[in-house]
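Residue numbering for the sequence shown follows full-length UniProt numbering, starting at 1 and increasing by one per position.
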Amino acid sequence: MGDWSILGRFLSEVQNHSTVIGKIWLTMLLIFRILLVALVGDAVYSDEQSKFTCNTQQPGCNNVCYDTFAPVSHLRFWVFQIVLVSTPSIFYIVFVLHKIAKDEKLDGQRTQLLSQRIPKQRSGEIRKDEILLIYILHVLLRSVLEITFLVGQYFLFGFEVPHLYRCDSYPCPTRTDCFVSRATEKTIFLNFMFSISLGCFILNIAELHYLGWIYIFRILCSACSTCCRQEQNPVKLYSNHNPLMLQLRHSVRGQVFLQTPTTIAQEKKGSLLGHAPALPHYTHASELKFTIVTQEHLKIVVSVIVCCCM
Numbered sequence: 001m002g003d004w005s006i007l008g009r010f011l012s013e014v015q016n017h018s019t020v021i022g023k024i025w026l027t028m029l030l031i032f033r034i035l036l037v038a039l040v041g042d043a044v045y046s047d048e049q050s051k052f053t054c055n056t057q058q059p060g061c062n063n064v065c066y067d068t069f070a071p072v073s074h075l076r077f078w079v080f081q082i083v084l085v086s087t088p089s090i091f092y093i094v095f096v097l098h099k100i101a102k103d104e105k106l107d108g109q110r111t112q113l114l115s116q117r118i119p120k121q122r123s124g125e126i127r128k129d130e131i132l133l134i135y136i137l138h139v140l141l142r143s144v145l146e147i148t149f150l151v152g153q154y155f156l157f158g159f160e161v162p163h164l165y166r167c168d169s170y171p172c173p174t175r176t177d178c179f180v181s182r183a184t185e186k187t188i189f190l191n192f193m194f195s196i197s198l199g200c201f202i203l204n205i206a207e208l209h210y211l212g213w214i215y216i217f218r219i220l221c222s223a224c225s226t227c228c229r230q231e232q233n234p235v236k237l238y239s240n241h242n243p244l245m246l247q248l249r250h251s252v253r254g255q256v257f258l259q260t261p262t263t264i265a266q267e268k269k270g271s272l273l274g275h276a277p278a279l280p281h282y283t284h285a286s287e288l289k290f291t292i293v294t295q296e297h298l299k300i301v302v303s304v305i306v307c308c309c310m
């Protein structure tokens, strides 16, 4: 097999900028895919064509039957899968390294322009959101590639490598029996690689779910921080800066629900002194009409409740 050191260095750099689930995925890719294909795959599939023998002496029949039996070699299929599945991660780390170098350049300019510190911080937040978005997209693309290769492996190879393959392709004169070397060992290795691919796909889905909850958590945190900033500057109940409370001030809901404890205490004090409580002042005829209609509705509701209880 070829040299995997360049791909390994890129993937180790990706691990420094990944989530916990992403690090588990990279560990499975490095150990159970690259290492096994590089070490075990050569030993298992080194003689896959030379030991594929057919009981005929017809020239070309052996090669045609092997091509029909295995359109793509298992080993080359997995190498192609590893390279393509790792490509989104390589693009992601190139993007992150470019952003880090750009941020370091901006940090040097930020020390000279102290007055522009706040806009720079906001742009930094935007860049962090961009990196998170790129990470989600690269995990999504990785998941699509994983499921594509899973389906392709199932339709190309299935789950079993047969010991005997019957070939009737030209130029074989008749139906020819061909024998596959190490069929049981290849079957075990085929199912193991399929299980590893399925596990990597499940990890990608779990990571997408995890990143989705992080997005929701960030939105809630930003909303809570906004509420906390608003609580630092509280607005009075009937201030001139709150038009909704000003509108409810002279209404029935304002008289019933928006009374402060000071107002209630003053009304109790007035009743104790023998003075009648002050009636609400209605500035418009529509407010008076609304109050009368509301009182009539309350009387009807109370009478219905009394009838139901009896």
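Heads up, the beta-carbon is just placed ideally off N, CA and C, and yes, glycines get one too.
Would you give the residue range spanned by the beta strand (DSSP E) that residue i belongs to?
i, result
"Thr-176", "176 to 179"
Who pairs with residue i in a beta bridge, going by DSSP?
i, result
"Ser-221", "Checking the sequence shown, residue 221 turns out to be Cys, not Ser. For Cys-221, which the question treats as bridged, DSSP gives no partner whatsoever."
"Leu-164", "Phe-179"
"Cys-200", "Note: Cys-200 sits in no beta bridge, so no partner."
Just reading off the alpha helix (DSSP H) that residue i is part of, what are its end residues?
i, result
"Lys-23", "20 to 28"
"Asp-67", "61 to 69"
"Tyr-45", "36 to 45"
Using three-state DSSP, classify residue i as helix, strand or coil.
i, result
"Thr-148", "helix"
"Cys-172", "coil"
"Thr-56", "coil"
"Phe-159", "coil"
"Val-72", "coil"
"Gln-81", "helix"
"Ser-143", "helix"
"Val-235", "With a pLDDT of 41 at Val-235, under the threshold of 50, the modelled position of that residue is not reliable, and the figure given next carries that caveat. Three-state result, Val-235: coil."
"Pro-102", "Looking at the sequence provided, one finds Lys at residue 102 rather than Pro. Correct three-state label for Lys-102: helix."
"Glu-185", "helix"
"Gln-49", "coil"
"Ser-251", "Only weak support is given to the placement of Ser-251: the predicted model assigns it a pLDDT of 41, under 50, and the question is left unresolved by the model."
query = Is the region 130 to 137 in contact with the region 163 to 181, if contact means three or more CB pairs nearer than 8 Å?
reply = no
query = Counting pairs of Cβ atoms below 8 Å between the region 190 to 210 and the region 152 to 161, do you hit three or more?
reply = yes
request  = Answer yes if the region 25 to 36 comes into contact with the region 44 to 53, meaning at least three C-beta pairs across the two stretches below 8 Å, and no otherwise.
outcome  = Contact between the region 44 to 53 and the region 25 to 36 is absent, because fewer than three Cβ pairs lie under 8 Å.
message = So, does the region 203 to 210 touch the region 93 to 102, judging by three or more C-beta pairs under 8 Å?
response = No contact exists between the region 203 to 210 and the region 93 to 102.
query = Given 8 Å as the limit, is there contact between the region 142 to 151 and the region 62 to 76, that is, 3 or more CB pairs closer than that?
reply = no
task = Give a yes or no on contact between the region 84 to 93 and the region 55 to 75, applying the rule of three or more CB pairs nearer than 8 Å.
result = no
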